[in-house]
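This report refers to the structure that appears directly beneath it.
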Amino acid sequence: MLLRALLKRAIRQTPFRIIRRGLGNRFQAIDDLLTNLYKRGYSPTYVIDGGANVGDFSKFARQIWPTAYVHMIEPQQSCQAALEVLCREHGFRMHMVALSDETGTIAMAADPETTSTGAHIYDQRADANSPILEVPMVRLDDLLRAELTLPGPVFLKLDLQGYELHALRGATQLLQMIDVALLEVSFYAQAYEPPVSVLVRFMDEHGFELHDIGAVAGRMRDNRARQADFLFVKRATMLTQDNAWD
């Protein structure tokens, strides 16, 4: 792990990028995206990591913004032990729930024995033979709005395997406090994923503009884009002021 970290640090000092052959990733630049936000003066008081899995994004966000309060949201019980370690070591907060626009329980297609990053809300058309877990679901407005008591910027990341729009519809009050959102989007639906245009329109209606792209992943057989990570920024913030081409 140390050697890999040193190699990544060395590569960042060059104009080159190393990728694994055949994985279908056009580029993977989430680290650079967050680092650039920091260099441009953005420092959130809170980081909300929706779909935290075992907390890798939360750990990197804390490296970039060491004073941020980090909330990790992840329904998979198989991830709980890893997240509890981060809570003890770094003071993160953990919420073992799924995010939606309703409150209750919901079925997930997930292997209870693994910490899969592909676990997702169950869809009968695509997941007929998948293991099913029943997990609690909540609205972000109900879960966190009262928790964010300090002034300052709020950064939201949602990686929910196509369920991002449902979570956003349950966060319309919280979106008034958020100024940067990193969202996974799907270029075509396998189940309940909305068209990219619908998600972009929703963010536009709530005061956000598409600001940057952190990653694009293509399918294996022909590298057609299937997913991406879009960065949205609240309009009229300091991050939107510099629109110079060079």
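Mapped onto the working numbering, the consecutive letters of the sequence shown carry residue numbers 709 to 954.
Note that the Cβ used here is the ideal one computed from N, Cα and C, for glycine as well.
Asked                                                                                                                                                        : Found
Whose CA, out of HIS874, ASP740, TYR750, lies closest to the CA of THR948?                                                                                   : TYR750
Candidates PRO861, TYR900, MET780, GLU810: which alpha carbon is nearest PHE800's?                                                                           : MET780
What's the gap between the Cα of MET928 and the Cα of ILE738?                                                                                                : 21 Å
Need the endpoints of the beta strand (DSSP E) that GLU782 sits in, please.                                                                                  : No beta strand (DSSP E) contains GLU782, which DSSP labels as neither H nor E.
Look at the alpha carbon of ALA806 and the alpha carbon of MET911, and state the distance between them as a whole number of angstroms.                       : 21 Å
Nearest to VAL862 by alpha carbon, out of GLY922, LEU907, ALA769?                                                                                            : ALA769
Taking the alpha-carbon positions, what's the ALA836 to GLN869 distance?                                                                                     : 17 Å
Since MET845 is in the beta strand (DSSP E), which residue starts that stretch and which ends it?                                                            : 840-846
Using CA coordinates, which residue listed in ALA933, ASN931, ASP954, ILE921 is at the minimum distance from LEU939?                                         : ILE921
Restricting to Cα atoms, I'd like to know which of VAL843, ALA818, THR825, GLY763 is closest to THR811.                                                      : VAL843
Which residue wins for smallest C-alpha separation from ALA815, given the options GLU821, HIS828, SER824?                                                    : HIS828
Rounding to the nearest angstrom, what Cα-Cα distance links THR753 and HIS874 in this structure?                                                             : 25 Å
For MET804 and ALA789, what's the separation of their Cα atoms in angstroms?                                                                                 : 11 Å
Who are the Cβ neighbours of LEU918 in its own chain at under 8 Å, not counting the five residues just before and after it?                                  : VAL908, MET911, PHE938, LEU939, PHE940
Using only the alpha-carbon positions, how far apart do VAL924 and ARG934 sit?                                                                               : 8 Å
Per DSSP, which one or two residues make a beta bridge with PHE938?                                                                                          : LEU891, ILE921
State the CB to CB distance for the pair GLN784 and THR813, rounded to an integer number of angstroms; the pair is presumed to be in contact (CB under 8 Å). : That belief does not hold up - the Cβ atoms of GLN784 and THR813 are roughly 15 Å apart, past 8 Å.
Under a CB-based cut-off of 9 Å, is TYR746 close to chain B?                                                                                                 : This model lacks chain B altogether, as it is built from one protein chain only.
Identify which residue in ARG877, GLN736, PRO903, MET802 has its Cα closest to the Cα of ARG756.                                                             : Per the sequence shown, residue 756 should be read as Ile rather than Arg. ILE756 has its Cα closest to that of MET802, out of ARG877, GLN736, PRO903, MET802.
When burial is assigned at 16 or more other CB atoms within 10 Å of the CB, is ARG796 buried or exposed?                                                     : exposed
According to DSSP, is HIS914 helix, strand or coil?                                                                                                          : coil
Buried or exposed, going by whether 16 or more other CB atoms sit within 10 Å of the CB of ASN761?                                                           : buried
Give the DSSP bridge partners of THR813, in chain order.                                                                                                     : PRO844
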